[in-house]
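Everything below concerns the one structure shown next.
There are 2 protein chains.
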Amino acid sequence: MELKQQATVTLAEVAEAAGVGESTVSRVLRNHGSFSGKTRERVMAAVERLGYVPNRIAGTLASTGSRLVAFVIPSLSNIVFPDVLRGASAVLEENRYQSVFSVTDYDPGREEALAAAMLAWRPAAVMLAGYEHTDGTAKMLRASGCRVVELLDLDGDALDIAVGFSNRAAGRESAAFLLKRAYRRIGYVGHDLQRDTRAGKRFSSFCETLEAAGAPLIAREILAGPSSVENGRLGLERLLARATDLDAVYFSNDDMALGGYFHCLAQGIAIPSQLAIFGYNGLDIGRAIPQPLSTIRTPRVATGEIAAQLIVANAPPQVVDLGFELIEGATA
Amino acid sequence: MELKQQATVTLAEVAEAAGVGESTVSRVLRNHGSFSGKTRERVMAAVERLGYVPNRIAGTLASTGSRLVAFVIPSLSNIVFPDVLRGASAVLEENRYQSVFSVTDYDPGREEALAAAMLAWRPAAVMLAGYEHTDGTAKMLRASGCRVVELLDLDGDALDIAVGFSNRAAGRESAAFLLKRAYRRIGYVGHDLQRDTRAGKRFSSFCETLEAAGAPLIAREILAGPSSVENGRLGLERLLARATDLDAVYFSNDDMALGGYFHCLAQGIAIPSQLAIFGYNGLDIGRAIPQPLSTIRTPRVATGEIAAQLIVANAPPQVVDLGFELIEGATA
DNA sequence: CCGCAAATTGGCAGCGCTGCCAAAAAAATC
DNA sequence: GATTTTTTTGGCAGCGCTGCCAATTTGCGG
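Chains as they are written, first to last, in the UniProt record's numbering: chain F, 1 to 332; chain E, 1 to 332.
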């Protein structure tokens with residue numbers, strides 16, 4: 001167990017120590033090509049003795065493809081993205097891929113810069129959220145020759161692979177559900193829709209559905225900043241101050257909806273008789289509150305898993321609709 | 001705006017197109033060394049025209065250090081880790097570093113394998129959770145010569161840099177708080193402590209403090225699987241079925257505590273008069289429920305930020321205690 | 001024991017870039 | 001205008017590994 005120096009051990013040194021050629025060491029370590037059992041042992045012994053750690057930088061440069069998948073995601077605060085990462089990284093790690101990520105903070109310009117930085121690592125695939133990219137980003141991705149996966153949205157044209165579900169459909173079904181339940185005076189509490197374009201799509205098709213049914217949205221409250229429980233609470237408070245006669249409120253997602261739910265609890269507003277609440281995402285916590293939250297459960301982890309599987313399998317360009325599930329719950 | 005082929009543009013081609021040498025292109029692109037204004041323009045024009053994206057694989061191999069930081073984290077479900085990643089990645093991206101991550105699922109063996117895989121990318125630093133690593137992991141990290149940051153725990157010996165707070169102190173202060181509030185019949189609901197050693201440390205010092213005060217823990221309920229709101233609810237239900245005379249329950253974290261809180265809400269158990277609830281983490285949602293959760297707020301994002309800053313600044317080995325804040329709340 | 005096919009093995013040229021060094025050009029000095 | 005100094009530039013040897021190809025060894029049938 002001698003201590004190693006700073007100087008890193010190279011494959012050549014292992015070859016030397018094992019008394020074999022470099023390519024033999026390479027073959028043994030990658031278990032690729034043919035070599036005898038005793039050679040294998042000698043090499044492994046030398047690897048162990050020297051504490052050799054292969055240099056994948058060099059390996060990737062010398063070979064063609066990298067086993068690197070780049071994620072360019074809007075946020076880590078919004079639970080959606082850690083969930084997607086979780087699903088994807090489980091599959092990727094199983095297949096000995098590595099995940100690199102960066103966070104755009106919902107800024108298309110940053111997305112472009114970060115996508116460029118990721119591309120510099122010549123990843124096997126780039127995964128990003130949705131379809132809204134700058135022209136520069138799209139051009140760059142197309143030119144890169146690496147696989148591109150757009151996640152969590154299907155309302156647009158895919159560059160290569162898309163995995164997710166339709167946010168427009170989610171908005172539409174949410175509205176249809178509330179209408180079916182005979183709510184007619186409906187409001188909305190949301191976070192920044194300029195940035196979160198998927199929430200924006202849900203909202204606009206939600207509104208269209210209401211209008212088509214002759215019960216247009218009565219009032220809305222849009223809060224600056226990211227979605228959060230506190231913003232949901234605050235948003236509902238403000239909305240109700242302006243529009244006292246609402247019978248249902250649609251929230252941009254479950255975080256916000258929970259905030260609204262707690263506001264009602266604290267204010268003694270009866271749910272759903274006095275006010276109905278509907279969310280989006282299907283967070284676990286929504287099922288654990290006294291009245292399960294009415295919401296739409298989205299396949300976030302599965303989105304990551306499927307996306308990763310398609311990349312690992314080098315599947316052809318395609319659009320995979322994983323759908324979503326409307327959870328009736330008890331708040332609407 | 002001609003379309004590029006699959007074949008990637010190399011620096012040599014840019015040099016050719018710009019009518020300059022390779023090293024000149026390299027200098028211009030990295031803005032390092034000297035070159036004239038017109039050379040710069042010629043190079044940039046060629047870069048633009050050819051759609052050149054530098055190959056950082058090659059660049060890193062040729063130069064010495066990489067601007068890559070590897071995260072080896074136990075989980076992405078536990079909000080702690082996305083929060084740490086968020087803090088760290090913001091700082092790292094600002095400094096043009098890239099983040100690679102992998103998820104160990106709280107398995108030390110997997111941690112070792114994944115750490116080895118990360119080391120193969122010769123990162124500038126490896127960040128991992130806590131101090132509990134296999135001998136193999138520790139040896140490998142020490143031998144690697146790259147910076148190592150251990151996060152979210154200070155109860156042990158750091159390999160290099162450690163950033164976080166003491167989980168033992170957190171457990172101790174939680175117990176002290178409950179004792180000060182005159183609770184004496186205290187129970188515990190937690191998730192798998194074998195795996196989450198930081199939760200284990202909190203729990204053991206919590207118990208020690210209770211014992212020292214002559215009010216040892218009455219009952220505990222440990223659930224298999226990860227922490228979750230639902231498990232917290234279930235855990236409290238089970239615990240109360242066995243121990244009916246508790247006056248307070250300490251939860252392994254806020255997720256679990258919220259589950260317990262909702263259980264009480266649903267069962268009509270008055271909080272805190274009939275039963276007090278104390279959590280750990282200081283999630284936002286804990287502040288938005290009708291009675292703010294009594295808990296300990298941990299500096300998760302700051303832990304990531306500070307860790308990243310130390311790496312960017314190439315700071316000497318050190319232990320940074322960021323402390324935590326006890327939130328009295330209204331549930332205990 | 002020989003000949004031929006199959007299994008092993010080593011040598012070495014890159015992969016695309018950076019870093020060093022010397023050459024060339026430009027600027028400054030006498 | 002000659003010389004020195006400074007700035008700018010290009011050439012090229014690697015970084016550590018993989019992939020190709022040729023050389024060597026081994027296995028087998030006759």
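We put the beta carbon where it would ideally sit given N, CA and C, even for glycine.
In whole angstroms, give me the CA-to-CA distance for residue i and residue j.
i	j	result
Thr244 of chain E	Arg287 of chain F	26 Å
Val103 of chain E	Leu68 of chain F	15 Å
Val189 of chain E	Glu132 of chain E	23 Å
Gly171 of chain E	Gly282 of chain F	32 Å
Gln274 of chain F	Asp247 of chain F	6 Å
Phe177 of chain F	Arg220 of chain F	19 Å
Arg142 of chain E	Arg202 of chain F	50 Å
Glu111 of chain E	Lys139 of chain E	13 Å
Leu179 of chain F	Arg198 of chain F	22 Å
Asp83 of chain F	Glu94 of chain E	24 Å
Leu114 of chain E	Val72 of chain E	7 Å
Arg147 of chain E	Ser99 of chain E	14 Å
Met127 of chain E	Ile306 of chain E	12 Å
Ser26 of chain F	Ala313 of chain E	36 Å
Thr209 of chain F	Ala175 of chain F	6 Å
Ile222 of chain E	Leu50 of chain F	43 Å
Tyr183 of chain F	Asn78 of chain E	37 Å
Val91 of chain F	Leu310 of chain F	10 Å
Leu193 of chain F	Ile161 of chain F	25 Å
Leu3 of chain F	Val9 of chain F	Note that Leu3 of chain F scores a pLDDT of 35, beneath 50, so its modelled location is shaky; the value from the coordinates is reported in the next line. Computed Cα separation, rounded: 12 Å.
Phe206 of chain F	Arg168 of chain F	8 Å
Tyr250 of chain F	Gly164 of chain F	22 Å
Gln318 of chain F	Ser66 of chain E	35 Å
Pro272 of chain F	Gly145 of chain F	52 Å
For residue i, which of helix, strand or coil comes out of DSSP?
i	result
Gly156 of chain E	coil
Gly19 of chain F	coil
Ala45 of chain F	helix
Gly323 of chain F	coil
Val103 of chain E	strand
Ile269 of chain F	coil
Leu293 of chain E	coil
Gln194 of chain E	coil
Val163 of chain F	strand
Asn281 of chain E	strand
Phe35 of chain F	coil
Glu2 of chain E	For Glu2 of chain E, the predicted structure reports a pLDDT of 34, less than 50, and the residue's modelled location is therefore unreliable. The matter cannot be settled from this model.
residue 345 of chain F	Here chain F covers residues 1 to 332 and nothing more, so residue 345 of chain F does not appear.
Val9 of chain E	coil
Gln309 of chain E	helix
Gly200 of chain E	helix
How close, in whole Å, do the beta carbons of residue i and residue j come, if the pair is a contact with beta carbons under 8 Å?
i	j	result
Ala225 of chain F	His191 of chain F	The question names Ala, but residue 225 of chain F is Gly in the sequence shown. So it is a contact: roughly 7 Å between Cβ atoms.
Arg300 of chain F	Ile327 of chain F	About 14 Å separates the two Cβ atoms, so there is no contact after all.
Gly259 of chain F	Gly232 of chain F	2 Å
Thr303 of chain E	Leu154 of chain E	Not really, about 11 Å apart at Cβ, beyond 8 Å.
Leu239 of chain F	Gly200 of chain F	Incorrect: roughly 18 Å between the Cβ atoms, too far for contact.
Ala18 of chain E	Ala46 of chain E	4 Å
Arg40 of chain F	Val20 of chain F	That pair is no contact at about 10 Å.
Just to make sure I have the definition right: I need the residues of chain F whose C-beta is within less than 8 Å of the C-beta of residue i. Which are they?
i	result
Ser89 of chain E	Leu76, Phe101, Ser102, Val103
residue 335 of chain E	Here chain E covers residues 1 to 332 and nothing more, so residue 335 of chain E does not appear.
Please find out if some non-hydrogen atom of the ligand NAD comes closer than 7 Å to the beta-carbon of residue i.
i	result
Leu217 of chain F	Among the components of this structure there are no ligands whatsoever, and the ligand NAD is therefore not found.
Along chain E, in chain order, which residues have C-beta atoms closer than 7 Å to that of residue i?
i	result
Gly65 of chain F	The contacting residues do not exist; Gly65 of chain F stays about 11 Å from chain E at best.
If the cut is a Cβ gap below 9 Å, which residues of chain E does residue i touch?
i	result
Arg86 of chain F	Ser75, Leu76, Ser77, Val103
Quick one: which chain F residues come within Cβ less than 7 Å of residue i?
i	result
Ala162 of chain E	The premise fails here: Ala162 of chain E is roughly 21 Å from chain F at the closest Cβ pair, so nothing lies under 7 Å.
Pro82 of chain E	Leu76, Pro82
Residues of chain E with CB closer than 8 Å to the CB of residue i, please, in chain order.
i	result
Glu93 of chain F	Ser102, Val103, Leu114
Gln98 of chain F	Val100, Ser102, Ala117, Met118, Trp121
Review point. Going along the chain, which residues of the segment 227–243 of chain F sit with their C-beta nearer than 9 Å to a C-beta in chain E?
Key: Ser228, Val229, Glu230, Gly232, Arg233
Exercise for review: Give, in chain order, every residue of the segment 284–296 of chain F whose Cβ lies closer than 8 Å to some Cβ of chain E.
Suggested key: Going along the segment 284–296 of chain F in chain order, one finds Asp284, Ile285, Arg287, Ala288, Ile289, Pro290 with a Cβ nearer than 8 Å to chain E.
Practice item. Output, in sequence order along the chain, the residues in the UniProt domain "HTH lacI-type" (9–63) of chain E whose CB is closer than 7 Å to any CB in chain F. Key: Within the UniProt domain "HTH lacI-type" (9–63) of chain E, those residues whose Cβ lies closer than 7 Å to any Cβ of chain F are, in chain order, Gly51, Val53, Pro54, Asn55, Arg56, Ile57, Ala58, Thr60, Leu61.
Review point. Using a beta-carbon distance cut-off of less than 9 Å, what residues from the segment 250–269 of chain F approach chain E?
Key: Asp255, Leu258, Gly259, Phe262, His263, Leu265, Ala266
Practice item. Mind checking the segment 116–143 of chain F against chain E and listing, in chain order, the residues whose C-beta falls within less than 9 Å of any C-beta there? Key: Listed in sequence order: Ala116, Ala117, Met118, Leu119, Ala120, Trp121, Arg122, Lys139, Met140, Arg142, Ala143.
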